[in-house]
Amino acid sequence: MAKLDIFNREWIDVIFTDRNQAYGAYQLRKDNNKTTNKAMVIGAVLFILVMSAPLIAKFLKGIVPESESDKVIQTEVVLTPPPPVDEQAPPPPPAAEPPKPRVDQVRFPPPVVVPADKVRDEEPPTVEELKVADPGQKTLAGDPNAEIRIDEPVGTAPPTKAAVVEDNAVYDFASIEQMPEFPGGMPKFYGYVGKNYVYPAAAREQGVSGRITMSFVVEKDGSLTDIKVLRDLGMGTGEEAVRLLKKAPRWKPGIQNGRPVRVQYTLPIMLNLEGQ
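In our numbering, each residue carries its 1-based index in the sequence shown increased by 3.
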């Protein structure tokens, strides 16, 4: 008996004789062999590409040049041997003794494992002693004026004074806590200017009036330094203002963090010939 192939083109035509061959079933059976072969070829190609992906990536990595960020810079480091020990050099000085504790300290004997025949009874500090003293490695007298020290060694050295850092920075009005001030306030200052400013003869003849702007630094002791004329009317008016500020009384200095500091100050001075 011959093998029956129901997908043969002749059988398909027989089955769909006098039927609607435009229907999907006829086209599917008619193109079945072509579709199956195409699917097998595509599947085989995809399988080969997936299995060969590591080899392809390795091949491409050898062709494409590495970027600067991917390069590994190798630097040869030569380690020099340590200098020889000078046996004749004097030994370093012993470590400084820590300062005294703030509270009295009483020695608390540490537990030591020894044979029974070498046991020496040493009484620990009593409860009454621990009410006024702290336990420690040795008995020390406290210093009520010492700083409070937590988890730091204590000793018998006298208390050390904190180093004072000199602040020579020049502050401006935006960052200073308390601005410098002329004794008695600004009305007193302008009164001082009115009484002591000598109008230059050339400016008087030309009728020069207006505002000049001065800049100076009020030092920690209240003296004025670095006096400059930022806006001048000419005819010697700025030079006379500089002379006047150099002879001015000492100001109250500016204050930052509770200490006097240097402060940059800008001040306008109005000049008017009326009353001169």
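Using N, Cα and C, we set each Cβ at its ideal position, and we do this for glycine too.
How is the beta strand (DSSP E) around residue i delimited, first residue to last?
{"i": "F219", "result": "213-221"}
{"i": "T240", "result": "Counting along the chain, T240 falls outside any beta strand (DSSP E), though it belongs to the alpha helix (DSSP H) covering 240-249."}
{"i": "R265", "result": "262-274"}
{"i": "K231", "result": "227-234"}
{"i": "Q181", "result": "Here Q181 belongs to no beta strand (DSSP E), and DSSP marks it neither H nor E."}
{"i": "G257", "result": "257-259"}
Just how far apart, CA to CA, sit residue i and residue j?
{"i": "A60", "j": "V88", "result": "57 Å"}
{"i": "K255", "j": "V245", "result": "19 Å"}
{"i": "G197", "j": "P102", "result": "59 Å"}
{"i": "A56", "j": "P86", "result": "56 Å"}
{"i": "P96", "j": "P104", "result": "23 Å"}
{"i": "K46", "j": "K64", "result": "A quick correction: the sequence has Gly, not Lys, at residue 46. Cα to Cα, the separation comes out at about 27 Å."}
{"i": "T39", "j": "V53", "result": "21 Å"}
{"i": "D206", "j": "N260", "result": "It is worth fixing the name first, because residue 206 is Ala in this sequence and not Asp. Roughly 45 Å between the two C-alpha positions."}
{"i": "I51", "j": "M43", "result": "12 Å"}
{"i": "F176", "j": "A92", "result": "56 Å"}
{"i": "M273", "j": "M189", "result": "13 Å"}
{"i": "E243", "j": "F192", "result": "16 Å"}
{"i": "K250", "j": "G194", "result": "14 Å"}
{"i": "E132", "j": "P118", "result": "30 Å"}
{"i": "A144", "j": "T129", "result": "17 Å"}
{"i": "K37", "j": "L49", "result": "19 Å"}
{"i": "F84", "j": "A99", "result": "First, the amino acid is wrong: residue 84 is Pro here, not Phe. Distance between the alpha carbons of P84 and A99 is about 31 Å."}
Should residue i be listed as close to the ligand GDP, given that the test is whether its C-beta is under 6 Å from any heavy atom?
{"i": "G239", "result": "This structure lacks the ligand GDP; in fact it carries no ligand of any kind."}
Between which residues of its own chain and residue i is the CB-CB distance below 7 Å, once the five residues before and five after are set aside?
{"i": "G241", "result": "I215, V232, D235"}
Apart from the five residues on each side of it in sequence, which residues of its chain come closer than 6 Å, Cβ to Cβ, to residue i?
{"i": "N275", "result": "S212"}
{"i": "L270", "result": "M217"}
{"i": "I230", "result": "F219, V245, L248"}
{"i": "E90", "result": "none"}
{"i": "E208", "result": "none"}
{"i": "L58", "result": "none"}
Is residue i near residue j, with beta carbons less than 7 Å apart?
{"i": "Y200", "j": "L247", "result": "yes"}
{"i": "R262", "j": "S226", "result": "no"}
{"i": "G239", "j": "P203", "result": "yes"}
Which residue comes first and which comes last in the alpha helix (DSSP H) that contains residue i?
{"i": "Q209", "result": "204-209"}
{"i": "P190", "result": "189-199"}
Quick one: what's got a C-beta closer than 8 Å to residue i's C-beta in the same chain, skipping five residues either side?
{"i": "T228", "result": "F219, V220, E222"}
{"i": "P186", "result": "P252, R253, W254, K255"}
{"i": "D224", "result": "R253, P256, P263"}
With 7 Å set as the bound, which would you pick, yes or no: does the beta-carbon of residue i sit closer than that to a beta-carbon of chain D?
{"i": "R110", "result": "In summary, chain D is missing from the structure at hand, where a single protein chain is found."}
Open item on the list: Under 8 Å, with one C-beta from each stretch per pair, do the stretch 233-245 and the stretch 169-176 reach the 3-pair mark?
Closed with: no
Open item on the list: Across the stretch 179-199 and the stretch 253-271, are there enough close Cβ pairs to call them in contact, namely three or more that are closer than 8 Å?
Closed with: yes
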